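My numbering numbers the first residue of the sequence shown as -7 and each following residue consecutively. In what follows, a single structure is set out as C-alpha cells and then discussed.
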Amino acid sequence: MANTPFTGIEDPAPLIKIKLDGVDMSDSYGIQSINVHHAINRISTAELVLMGEVDIDSGNIPITDSDDFNPGNVVEIFAGYTGGEASSIFKGIIVKHTVKLDTESHYSFAITCKHEVVKMTYNKTERYFEKQTDDAVIKNIIGEYGISCSVGSCLEVNESMFQKLASDWDFILSRCDFNGFIITMDDNAGMVLNAPEFSDSAVLTIEAGVSLMAFEGTLNAEFQPSAVNASAWNAKTLTLINAAATEPAMNSQGNIKARDLPSKLSQTTLNLTSATPMTTEALKTWANSILLRKRLHAFKGRVKYFGNALAKTGSIIEIKGAGKKLSGNAFVSAITHTIDSGNWNTTVDFGLDNNLIYKSRDFSFPPAMGQLPAMQGLQLATVKQIDRDPENMHRIQLEIPSVSGTPNTTWARMAHYYASNKSGSFFLPEVGDEVVLGFLDNDPRYPIILGSLYNGKNTAPYTAEAKNNSKAFVTRSNMKIEFDEEKKSISLLTPGNNSIIISDDGKSIEIKDQNSNSIHLSSDGITIDSAKDIKISAKGNIEMHATGNIKTAATSDLVLQGLAVNINAQTQLKATGTASAEFSAAGETTIAGAMVMIN
C-alpha cells in the first residue's frame, strides 16, 4: 500500500532547512513563507520570503546587503517535520529579489529562484544539426550548460535539423512534444526527458476524510478523437503516406476509460496532415504524441493535502473518496509546496492541458522581427519603373494599392530562376504589369517580386488546352520560342517571319528567313534554297567530299578559276561541248597519253 501524507510523522510542525551555495542559511534570517512550484514541461520555481526589521541606527537592511542572496547563487530548500528527516523539494539559482518596507520599519525580502535550466531561455539562437537523432540533438544542447540529463531514445535520424532564432529551451521542448516526451526536473537528478510511465505504483495515497484537504476534478469528454491518423506527401511516389497512432496504456483513474469517451459524443478520427516530407515512422511518432496529449486531458484536477515530498511530476498518486469517475491512480503533472504560518501544504495537479508548445507565446520569432507591423501573406503590385535603382541592386519600382487612394511606391528585388555573376536569366516585367510580392520576414520594407500575373488587361499569348501541349516564351515585340509537346518540336520565330524549327516528329531542322531563303535538314539530306545568290567564302580551304556523285549544274555559265587548276580522274576524264570545245594556254601546252587520238 502507498504511503499517506501522515506516514512516519510524529510532530506536524514543519522542519525547514535552506542551503545557500551549499552552506546552511543563518538562523538569523526569519522565514515568512516558501512557495515551490514544479510542473511538467515547465521550469521549476521557488519564492522564499524572509522578514525582519530595518536597523534604525544605520538605516541598513543587513539581509539585502549580504552576498548570500546575490543573483546566480544556488539555493536548495529542504522540508520535513520535526523529529524526522527533511527532503529536498527544490534546488535552483537566484534570479531576482524584491524588498518591501512598511511604515514601522518592517521589511520583507522576496527571493525568486528558478531551476538552472532557466539559462536555456534567455537567448534566441540558430543551430544546424546534420544526421542526428532528436535525443542526440537534445543531449548536445543540454550538455553545453553542464546540466545532467536522461533522454529517451529516438530512432529517426534527421537528415538536417535547423533551430531558427529560438531559445534552446523552446527548441528542446518542441522536439520532446513531437516525440511524446515530458520534461521533469524536480528530483534533483537533473532533467528527465522521456515518455510518461503510467504503470508505476502510486507513491502516495490521498483519501477524503483522512488526508485530503481539498479536491477539484474534471472528467472532460470533449475533443477526444476515436483515433489519430497522420499523413504526409511522399515526393518519391507522389502519394500520401499514412500512419495511425497506437492507443496509449493510461493510468487507471475513474471507472470510464479515456479511450471510451469519443463514442459518448460521436467523435471520430483526428487527421493530421503535413506538407513537409516525413517518414512513416516519424508520422507515427507524431500521431502517438498527439493522441497521448488528448488522453491526458480527459482527467484533470487538483488535490491538496498535508505537506509531503514524495510525489514528483510524472509520478502516480492514488486518490480515494473522490467518486467513482475520478478516484484512482492520478498522473501528477504539477506540484506546489506552500509553507506559511507554520503550515506545510502540498497541492498536486493531475492530468495535462491540451496546449501544444507551438501555441506558446514567443515560441517562434515574431514577423518582421517585431520591428514594425508585419505584412501578412502575398501582395499584388504594378510595375512603375524597371531602371535607375538608386541603390544599384537591380530593383524594380512598384506601386502597391492602398486604401488611402494614393498607391504606395517601393523598390523590390526580383527573384529570377537563375541569377549569378555576369550570367543568368534576364526577363523583367513591363511597366504596368501586375506582379506578386512576398516579404522577407514579413517585413514590408523588403519586398521580393515572385512573378507576374495574367489578368483581364494583360492576356496570355496562348489559350490553355486540356492536353497542355503548348509551351512558349513570347516577348513584347512578338519574338517567340515555342515548344510543341505533341510534335516534339522547338520553334524560334520573329515577327518578320524568320524562323528555326527543330522537329522530332518531322525528323528535320528547318531554317527560313523573310527573303524566302531556306535550309532544310531531314532524312533525305540537306536542301539549301535561295531566292537569289549563294556565296561561299573561306579564309582557308574549302573541301567537298561525297561517297556518291557530285553534280554541279547551271542554266547559265559555270566558271572554275584558280591559280592552278588540277583535275584528276581515277579512271576516265571526259569533257564535251555541245556546240564547241576549246583547250588552250598562253604558254606551253602538253597533251600526253598511252595513245593520243585527235579526230
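Where a beta carbon is used, it is the ideal one built from N, C-alpha and C, also for glycine. Only a predicted model underlies this, so the values are computations on that prediction, with no experimental measurement involved.
Tell me the start and end of each unbroken beta strand (DSSP E) in the segment 528 to 575 that is at least 3 residues and wholly inside, in chain order.
With a minimum length of 3 residues, no continuous beta strand (DSSP E) run stays inside the segment 528 to 575.
Exposed or buried, what is T(-4) when buried is set at 16 or more other beta-carbons lying within 10 Å of its beta-carbon?
A buried status is given to T(-4), since no fewer than 16 other beta-carbon atoms sit within 10 Å of its beta-carbon.
Can you tell me whether E68 is buried or exposed? The criterion is at least 16 other CB atoms within 10 Å of its CB, across all chains shown.
buried
Let me know if V324 comes out buried or exposed under the rule of 16 or more other beta-carbons within 10 Å of its beta-carbon.
So V324 counts as buried.
For T338 and K83, what's the separation of their Cα atoms in angstroms?
In this structure, the straight-line span from the alpha carbon of T338 to that of K83 is close to 17 Å.
If I'm right that A71 touches G299 with Cβ under 8 Å, what's the distance once you round it to whole angstroms?
7 Å
Specify, as a first and last residue, the run of the alpha helix (DSSP H) that T272 falls within.
272 to 288
So is A561 buried or exposed if we call it buried at 16+ other beta carbons inside 10 Å?
By the 10 Å Cβ count, A561 comes out exposed.
Whose C-beta lies closer than 6 Å to the C-beta of A237 among residues of the same chain, with five residues either side of it excluded?
Once the five neighbours on either side are set aside, the close Cβ partners of A237 are V220, A279, N280, L283.
At what residues does the beta strand (DSSP E) containing K131 begin and finish?
Careful: K131 lies outside any beta strand (DSSP E), inside the alpha helix (DSSP H) at 126 to 135.
DSSP state of I85 mapped onto helix, strand, coil
strand
Is it right to say F170 is buried, meaning 16 or more other beta carbons lie within 10 angstroms of its own, or is it exposed?
buried
In terms of residue numbering, what span does the alpha helix (DSSP H) encompassing D433 cover?
Here D433 belongs to no alpha helix (DSSP H), and DSSP marks it neither H nor E.
Which residue comes first and which comes last in the alpha helix (DSSP H) that contains D57?
54 to 57
Thinking just about the alpha-carbon of each residue, which of I35, I174, T74 is nearest to the one in C105?
I35
So, under 8 Å CB-CB, I309 and V195 are touching, yes? Tell me the CB distance rounded to an integer number of Å.
6 Å
Residue interval of the alpha helix (DSSP H) (run including F418)
Per DSSP, F418 belongs to no alpha helix (DSSP H) and is neither H nor E.
Cβ-Cβ separation, G488 to Q506 (assumed contact under 8 Å), whole Å:
5 Å
Using 8 Å as the Cβ pair cut-off and three pairs as the minimum, do the segment 240 to 249 and the segment 221 to 231 touch?
no
Distance, Cα to Cα, P269 vs V149?
14 Å
Does the beta-carbon of P269, which I'm using as the reference point, lie nearer than 7 Å to any heavy atom of the ligand ADP?
Absence of the ligand ADP from the depicted structure is noted, as is the absence of any ligand whatsoever, leaving it without description.
Output the distance between the C-alpha atoms of D354 and A360, rounded to the nearest integer angstrom.
Cα to Cα, the separation comes out at about 13 Å.
Backbone secondary structure at F163 - three-state DSSP:
helix
Helix, strand or coil: which one does DSSP assign to M112?
helix
Mapping DSSP to helix, strand and coil, what is F170?
helix
Span of the beta strand (DSSP E), counted from its first residue to its last, around L253
Segment 253 to 256 is the alpha helix (DSSP H) holding L253; no beta strand (DSSP E) there.
So is M587 buried or exposed if we call it buried at 16+ other beta carbons inside 10 Å?
exposed
Please return the same chain residues whose Cβ sits closer than 7 Å to the Cβ of A267, not counting the five positions on each side in sequence.
Cβ neighbours of A267 beyond the five flanking positions: W225.
For Q235: DSSP bridge partner residues
In the sequence on display, residue 235 carries Ala and not Gln. Answer is A222, bridged to A235.
Using 10 angstroms around the beta-carbon of M177, count the other beta-carbons present and answer buried if the total reaches 16, otherwise exposed.
buried
What are the uninterrupted segments assigned as beta strand (DSSP E) that are 3 or more residues long and contained completely in the segment 463 to 533, given in chain order?
472 to 476, 481 to 485, 491 to 495, 500 to 504, 510 to 514, 517 to 521
May I ask which residues mark the beginning and end of the beta strand (DSSP E) holding C105?
98 to 106
Exposed or buried, what is K33 when buried is set at 16 or more other beta-carbons lying within 10 Å of its beta-carbon?
Here residue 33 turns out to be Asn, not Lys, going by the sequence shown. By the neighbour-count rule (16 or more Cβ atoms within 10 Å), N33 is buried.
What number of angstroms, rounded off, separates the C-alpha of V423 from the C-alpha of P399?
Each residue's Cα considered, the two are about 15 Å apart.
For L288, collect the residues of the same chain with a Cβ closer than 7 Å to its Cβ; drop the 5 residues on either side in sequence, then sort them by chain order.
F323, G343, L344
Would you kindly report the start and end of the unbroken beta strand (DSSP E) that includes Y297?
Its beta strand (DSSP E) spans residues 291 to 298.
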